[in-house]
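This is the structure in structure tokens:
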């Protein structure tokens, strides 16, 4: 979401961008400098191919999936974020792919790392993202009868509670109280 | 024979009160403070009713419900049922530093033999049917302690719609313990409160 | 006629697999974890874990909370190692805002985190003793040590479990004057506690017979499942974020990364016991380097506002990698907060570890991962 501000001249010399660019030849990649790690954006129809290339590449060898999650950017769609790590080369990479709001589908990463299994199940029920060909697409954390709403989306409301005592005491979700 | 009131008792009745002060069954204890009088007054012994007191000295006469309640309150077996953070403080209370054993409170891993259920932690809507089932599996009489803010009303998580806003929505609660999480002393205090409650409501439970 | 005398059928005993439900209320599941075991005789054929009985939306609620208010939710997410959880969160805010933390605050943070690792591992050894069948003794001994550590935490922070003591930029307030003496006092007791554990469990013949060679997982599988922490290091992978990507002052401290060889239940247990000794080493070095100074930067804004950006902070919590993925859009609260929990990923590998072992060992294997359910479900 901040790509437009920082994209023009990102200083990628101190990062592993040159090797990532070599490993991801044939995949559309757009780099971005993060606070700690390098971030690369890959279109969603190529993301699994790119992830597999990053894992099997000898120089990079991203064999460890740290985290897989999603970020709801409201009108800009939902970003699926992969945090990769190499246990022997000791470097990090963040891979992001953007899904449009009207078609939340992406291929599963369980074919690359088995660790993606539960993380994808959690992301699916929290954001409504559909992971194609997931081996076990059941609900994970939700009650079985509450899998129709997606609580981590921005449009999912939190319950209103009654403030019982004191004037001006409110939860910080209430804008006027801030 | 018993039909119809006779006038004889009424005529003889005034005679007995006049005789009674002469032979008092319970000597009046001189009280120095007026407030202490009701507490220090001994139990009135009605002649003929507590006969075995004189026959068998040393036998204590108590109501059966009192005996039952004392038995119940002195061996409360809570079910080991940790839900969240409060479970750690609950375990800490069982352990040697705070030692619930000295109140006769021993953790028991099955609902079938337990008396008390300590709901220690957040009850989610996914967990609520299991909590209700466990409560129903416990034999009567049974009590529930709602430990911590989450079990009482949802606590910090009350705005999230997967969290039950208080365990009293599914099962009746006897004692609420405040705190997030409550200190072990607070849980000890809740057990003492529960023991008082058992003594108060004796005869009505079970 | 003769054909009748011959046995016409070879009778086969057909065995039927039994499904055994374990949890969500079970003394050995360490909370509200449920698994369905498919059992053939005594041998586990399949395990289906069910989680989510403690999913209470900490991530969602943090998105509506000010940065300082979110610290409390981090405590409750990882209640056995609350300092470690707070650390990831406040480090995320510091990285986004580019705040420099004073030295004294960093040393105190390290001491408290390692003490919390000790208390968390004591909880593990005690509970693991119960799982193996040493009821009471190991548990009471480990809780004795936990109480001494918790008393120290209470003196410093005012609470036994939910500290909310780390703040973006440093600490909420300075430690007490007798802090160094008190930590030495606690360490003396803890050292005795560790050798007690060695005597009670590590050298116990029955304990060894039950734990050695059970629930082994190979290093490649463990990495593929995303395991971390002592559970991964027991398989022989020397992956420790304190060493590989040093945060705080860990680069200036001398300590060993403990690894196992077999990756079985005993190694996972023994890695933790050895790690406790390393934690004591770290704390002693920190206490020598601790100097007076400020605990917060000069100018801290009253309302924290982070510039737009995102950061994935990872620290080595007692159970493994505790990651906080924080996305900011320039407001005073995170736009998205994701907690990457070590237990969540470790628990995925449970199925691989358990299949083919006896039912009685399923409990031990689950205990050896050392799960905290509120960290799994969040």
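Residue numbers (the working numbering), protein chains in the order written: chain A, 1196 to 1373; chain B, 940 to 1145; chain C, -1 to 376.
Backbone N, C-alpha and C fix where the C-beta goes; we use that ideal spot for every residue, glycine too.
Note that this is a predicted model, so its numbers are computed, not measured.
Within 8 Å (strictly less), CB to CB, does residue i reach chain A?
i: residue 1098/B; result: yes
i: residue 242/C; result: yes
i: residue 308/C; result: yes
i: residue 1064/B; result: yes
i: residue 53/C; result: yes
i: residue 427/C; result: Chain C is shown only over -1 to 376; residue 427/C falls outside these bounds and no answer can be derived.
i: residue 1051/B; result: no
i: residue 1141/B; result: no
Taking C-alpha atoms, which residue in the options lies nearest to residue i?
i: residue 173/C; options: 103/C, 145/C, 367/C; result: 103/C
i: residue 110/C; options: 70/C, 336/C, 316/C; result: 316/C
i: residue 1242/A; options: 1252/A, 1290/A, 1336/A; result: 1290/A
i: residue 232/C; options: 179/C, 220/C, 135/C; result: 220/C
i: residue 112/C; options: 362/C, 363/C, 275/C, 37/C; result: 275/C
i: residue 214/C; options: 284/C, 148/C, 354/C, 242/C; result: 354/C
i: residue 42/C; options: 60/C, 15/C, 294/C, 50/C; result: 15/C
i: residue 189/C; options: 139/C, 19/C, 357/C, 88/C; result: 139/C
i: residue 1238/A; options: 1328/A, 1339/A, 1299/A; result: 1299/A
i: residue 357/C; options: 314/C, 297/C, 36/C; result: 36/C
i: residue 363/C; options: 73/C, 211/C, 182/C; result: 211/C
i: residue 1228/A; options: 1277/A, 1346/A, 1288/A, 1274/A; result: 1288/A
i: residue 12/C; options: 26/C, 38/C, 31/C; result: 38/C
i: residue 1266/A; options: 1226/A, 1306/A, 1275/A; result: 1275/A
i: residue 1206/B; options: 1055/B, 1056/B, 1085/B; result: With chain B covering 940 to 1145 only, the question about residue 1206/B has no answer from this structure.
i: residue 1019/B; options: 1008/B, 1034/B, 1110/B, 1079/B; result: 1034/B
i: residue 1344/A; options: 1088/B, 1037/B, 1097/B, 1101/B; result: 1101/B
i: residue 258/C; options: 155/C, 234/C, 273/C; result: 234/C
i: residue 202/C; options: 136/C, 144/C, 160/C, 177/C; result: 136/C
i: residue 350/C; options: 283/C, 217/C, 293/C, 255/C; result: 217/C
i: residue 291/C; options: 193/C, 99/C, 25/C, 21/C; result: 99/C
i: residue 326/C; options: 17/C, 51/C, 91/C; result: 91/C
i: residue 1133/B; options: 1121/B, 1116/B, 1122/B; result: 1116/B
Throw me the rounded Cβ distance for the residue i and residue j pair, which I believe falls under 8 Å.
i: residue 94/C; j: residue 301/C; result: Not a contact, Cβ separation roughly 14 Å.
i: residue 1249/A; j: residue 1255/A; result: 6 Å
i: residue 1223/A; j: residue 1259/A; result: Not really, about 25 Å apart at Cβ, beyond 8 Å.
Comparing the C-beta of residue i with each C-beta of chain B, is any distance below 8 Å?
i: residue 178/C; result: no
i: residue 377/C; result: Residue numbering for chain C in the displayed model covers -1 to 376; residue 377/C lies beyond these limits and cannot be assessed.
i: residue 1321/A; result: no
i: residue 71/C; result: yes
i: residue 58/C; result: yes
i: residue 1353/A; result: yes
i: residue 31/C; result: no
i: residue 117/C; result: no
i: residue 20/C; result: no
Any Cβ of chain C within less than 8 Å of the Cβ of residue i?
i: residue 1270/A; result: no
i: residue 1337/A; result: yes
i: residue 1244/A; result: no
i: residue 1313/A; result: yes
i: residue 1122/B; result: yes
i: residue 1277/A; result: no
i: residue 1069/B; result: yes
i: residue 1007/B; result: no
i: residue 1284/A; result: no
i: residue 1253/A; result: no
i: residue 1308/A; result: yes
i: residue 1102/B; result: yes
Beta carbon of residue i: closer than 7 Å to some heavy atom of the ligand HEM?
i: residue 59/C; result: The model depicted lacks the ligand HEM and carries no ligand whatsoever.
Ordered list of beta strand (DSSP E) runs contained in the region 20 to 74 of chain C, each at least 3 residues: 32 to 38, 41 to 48
Pick out the complete alpha helix (DSSP H) segments inside the region 79 to 131 of chain C, 4 residues or longer, and give them in chain order. Here the runs fully enclosed are 80 to 95, 101 to 130.
Cβ contact check for the region 1067 to 1086 of chain B and the region 1038 to 1055 of chain B: 3 or more pairs under 8 Å: yes
Between the region 324 to 344 of chain C and the region 1289 to 1308 of chain A, do at least 3 Cβ pairs fall closer than 8 Å? Between the region 324 to 344 of chain C and the region 1289 to 1308 of chain A there are fewer than three inter-stretch CB-CB distances shorter than 8 Å, so the stretches are not counted as touching.
Hey, is the region 237 to 247 of chain C in contact with the region 166 to 183 of chain C, meaning 3+ C-beta pairs nearer than 8 Å? no
Tell me whether the region 343 to 353 of chain C and the region 1309 to 1325 of chain A touch, counting them as touching only if at least three CB pairs, one residue from each stretch, are closer than 8 Å. Enough Cβ pairs lie closer than 8 Å, so yes.
Is the number of C-beta pairs between the region 122 to 131 of chain C and the region 261 to 275 of chain C that are closer than 8 Å three or more? yes
For the 8 Å Cβ check, are there 3 or more pairs between the region 1123 to 1134 of chain B and the region 1025 to 1039 of chain B? yes
Chain F contacts made by the region 1020 to 1040 of chain B, where a contact means CB separation under 8 Å: Here chain F cannot be found, since the structure's protein chains are A, B and C.
Hey, which unbroken runs of the beta strand (DSSP E) at 3 residues or more fall wholly within the region 250 to 319 of chain C? 307 to 315
In chain order, which continuous runs of the beta strand (DSSP E) of length 3 or greater are located wholly inside the region 166 to 203 of chain C? none
Enumerate, from N- to C-terminal direction, the unbroken alpha helix (DSSP H) stretches of 4 or more residues contained entirely within the region 1291 to 1353 of chain A. 1311 to 1322
Would you call the region 70 to 90 of chain C in contact with the region 367 to 376 of chain C, where contact means no fewer than 3 C-beta pairs closer than 8 Å? yes
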